[in-house]
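Asker:
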Amino acid sequence: MSLKEKAYFVSDAHIGANEEVERRTVPALLSLLEEIRHEKASLFVLGDLFDFWFEYRHSVPKAHLPILTKFYELREAGCRIGFTGGNHDFWMGDFLQRELACDVSGDDWLECELQGKKVCMAHGDGLIKGDTGYKILKRILRTRMNVALYRLIHPDVGIPFAALCSRLGKQASAEEMKRIVERLFEDVALEKFQEGFDFVVLGHVHLPYERTHNGKAMFVVGDWIENLTYLVMEEGQMTRRVWDQYSA
């Protein structure tokens with residue numbers, strides 16, 4: 001994929017996790033997406049846009065409908081959408097590709113040339129060296145058998161159950177997040193720079209982060225829960241922005 005237009009990067013909105021928080025964050029995200037549609041820019045979503053995603057054959061979680069509708073409007077306007085799965089919305093089938101023409105990478109790196117720069121993107125979980133237990137669990141949860149078994153659970157049970165599991169998950173401290181992003185730079189970004197990439201863009205860690213090395217850079221987007229941070233790439237330059245219009 002080689003693109004010349006302006007590009008936006010968002011991650012970790014966890015839509016469906018907290019209705020009270022989403023009264024301000026979802027309208028803000030919809031406003032940003034409308035800005036992208038107006039500019040006919042590209043959009044890259046780096047995982048955990050939804051707190052839970054599972055493709056039942058005949059139902060979609062109602063909390064996701066406003067965003068999915070806006071995605072459709074973006075595609076109708078000619079905007080390109082790239083999508084990577086996260087550790088909360090990894091159970092992806094072909095809905096986003098078939099119905100919304102998104103470029104979906106699942107667990108893989110999404111790689112492209114943007115404005116003459118080589119960019120690689122991923123959610124960011126399971127990338128640092130070690131952490132074998134999590135990597136094994138990640139593989140198990142993504143097997144076809146487990147997907148088929150979960151599909152047998154009615155959505156009225158399966159979706160609330162996933163939300164409960166998410167709420168019970170441990171939230172990393174600020175110190176832990178700082179250690180994780182430093183490890184991501186050392187274990188992942190430096191290797192990608194050696195492969196010839198100019199930018200490495202990740203989500204997962206809800207900590208806005210930027211670090212450069214010999215003219216190349218790694219960015220962690222942040223999140224769309226507390227920080228409302230996103231990235232914009234224009235004329236080969238990557239910058240971080242904070243959405244400050246949601247309180248209007």
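With the numbering used here as the guide, the letters of the sequence shown map in order to residues 1 to 248.
Glycine residues also receive a C-beta, built at the ideal position from the N, C-alpha and C atoms.
Remember, it's a predicted structure, so these values are computed and weren't measured experimentally.
At what residues does the beta strand (DSSP E) containing valine 220 begin and finish?
Answerer: From DSSP, the beta strand (DSSP E) with valine 220 extends over 216-220.
Asker: If valine 201 and valine 181 are in contact, beta carbons under 8 Å, what's the gap, nearest whole angstrom?
Answerer: With a Cβ gap of about 13 Å, valine 201 and valine 181 do not count as contacting.
Asker: For glutamine 237, I'd like the list of residues in its chain whose CB is within less than 7 Å of its CB, leaving aside the five on either flank, ordered along the chain.
Answerer: Contacts found: none.
Asker: Strictly by DSSP, which residues pair up with glutamate 234?
Answerer: Answer by DSSP bridge pairing, in chain order: Gln237.
Asker: Exposed or buried, which one is tyrosine 8 when buried takes at least 16 other CB atoms within 10 Å?
Answerer: Buried.
Asker: I believe glycine 47 touches glycine 85 by the beta-carbon criterion, under 8 Å. Please report the beta-carbon distance rounded to the nearest angstrom.
Answerer: Indeed, because the Cβ distance is near 6 Å, the residues count as touching under 8 Å.
Asker: Helix, strand or coil, according to DSSP, for tyrosine 246 in the structure here?
Answerer: Any answer about tyrosine 246 is weak, because its pLDDT of 46 lies below 50 and its placement is not dependable; what the coordinates show is given next. Coil.
Asker: Measuring only the C-alpha atoms, how far is glutamate 111 from lysine 216?
Answerer: If you take the alpha carbons of glutamate 111 and lysine 216, they lie about 15 Å apart.
Asker: With a CB to CB cut of under 8 Å and the five nearest residues on each side skipped, what residues in its chain are close to leucine 32?
Answerer: Excluding residues within five positions, the ones whose Cβ falls inside 8 Å are Tyr8, Val10, Tyr230 and Trp243.
Asker: Could you check the C-alpha separation between serine 59 and glycine 196 for me, to the nearest Å?
Answerer: Each residue's alpha carbon lies about 42 Å from the other.
Asker: If you draw a straight line from the C-alpha of glutamate 235 to the C-alpha of aspartate 156, how long is it?
Answerer: Each residue's Cα considered, the two are about 46 Å apart.
Asker: Should tyrosine 209 go down as buried or exposed, given a rule of 16 or more other Cβ atoms within 10 Å for buried?
Answerer: Answer is buried; the Cβ neighbour count reaches 16.
Asker: Once you ignore the five residues that flank alanine 41 on each side, which residues in its own chain have a CB closer than 7 Å to its CB?
Answerer: The residues are Glu5, Lys6, Ala7, Tyr8 and Cys79.
Asker: Hey, leucine 74 and leucine 96 are a contact pair by Cβ (cut 8 Å); roughly how many whole angstroms apart?
Answerer: Wrong, their Cβ atoms sit about 12 Å apart, outside the cutoff.
Asker: Distance check for valine 21 and aspartate 108, CA to CA, integer angstroms please.
Answerer: About 30 Å.
Asker: Using only CA atoms, which one of Tyr56, Met233, Ala28 and Asp103 lies nearest to proline 66?
Answerer: Considering only alpha carbons, the answer is Ala28.
Asker: Rounded to the nearest angstrom, what separates alanine 122 and histidine 154 at their Cα positions?
Answerer: Each residue's Cα considered, the two are about 31 Å apart.
Asker: Can you round the beta-carbon distance between glycine 222 and leucine 184 to whole angstroms, since I take them to be within the 8 Å contact cut?
Answerer: Wrong, their Cβ atoms sit about 14 Å apart, outside the cutoff.
Asker: For phenylalanine 193, which residues from the same chain have a beta carbon less than 8 Å from its beta carbon, with the 5 sequence-adjacent residues on both sides left out?
Answerer: Closer than 8 Å at Cβ, skipping near neighbours: Val200, His213, Asn214 and Lys216.
Asker: For valine 188 versus leucine 127, is the C-beta distance shorter than 8 Å?
Answerer: In contact: valine 188 and leucine 127 (Cβ atoms closer than 8 Å).
Asker: On the three-state DSSP scale, how would you describe alanine 174?
Answerer: Alanine 174 falls in the helix class under three-state DSSP.
Asker: Whole angstroms is fine: what's the gap from phenylalanine 52's alpha carbon to glutamate 39's?
Answerer: Spanning the two alpha carbons is a distance of roughly 29 Å.
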